[in-house]
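Accompanying notes for the structure given below.
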Amino acid sequence: MAMYLIFRIFPINQRGRMLGYYGFGVVLAPALGPVIGGVLTDALSWRYVFYAPVPVTALAAVLAGRFLPVKTERPPRYRFDLAGLMLLRVVVLFGLEALNGLQHEEFGLMRRITVPLVAVLALLIFVWLQRRLAHPLLNVRNRWQCTQITRLAIG
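Heads up: the sequence shown runs through residues 1 to 155, numbered per our numbering.
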């Protein structure tokens, strides 16, 4: 969500600096979190660890209200691709179930065939649907994005 907001709020000439600030927080949080948690647990109780984000969040809210620019123009509205999201969900769930079935011998032959088949069919329908929509969930017409999706699937 933070990356989306950075790209949505800041102009292109300020994004690098803002991404640097974001990266600083991403690196700093896992470094300081265990230290602060250990001090709170040792000095007070483990329950106080859950209160540690409260002052940081309050400070972030005040600073965001003070320094973040307010955008007045809205992006054009378009219809969300709910069917594409549901198909992608079927692809992921059945794909993971197919991979899970490879390590369990109690899965019958029929299940080992049908589960991956459903995943592949849902993927084909998803790609077909995405190519037809004006505002797809994933733009499969863009060659670069197809390469990225393939890398993501392989990884």
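We put the CB at the ideal spot given by N, CA and C, even for glycine.
State yes or no: is the C-beta of valine 91 within less than 8 Å of the C-beta of leucine 117? no
Exposure of alanine 232, with buried meaning 16 or more beta-carbon neighbours within 10 Å: Since the first and last residues shown for the chain are 1 and 155, residue 232 lies out of range.
Contact belief for phenylalanine 50 with leucine 87 at Cβ below 8 Å, rounded distance in angstroms: Actually they do not touch by this definition, with Cβ atoms about 39 Å apart.
Taking the beta carbon of alanine 29 as the centre, do at least 16 other beta carbons fall within 10 Å, making it buried, or is it exposed? exposed
Can the beta-carbon of leucine 137 be found closer than 8 Å to that of glycine 95? no
Contained beta strand (DSSP E) runs [length at least 3] in the region 27-96, N- to C-terminal order: none
Is valine 115 buried or exposed, if buried means 16 or more other CB atoms sit within 10 Å of its CB? buried
Span of the alpha helix (DSSP H) around proline 159: The shown model of the chain, from 1 to 155, leaves out residue 159, and the question about it has no answer.
Starting from leucine 5, trace the alpha helix (DSSP H) both ways and give me its first and last residue. 2-9
Could you name the residues of the same chain whose beta carbon sits closer than 6 Å to that of tyrosine 78, not counting the 5 residues immediately before and after it, in chain order? His135
State the DSSP-derived secondary structure class of leucine 137, mapped to helix, strand or coil. coil
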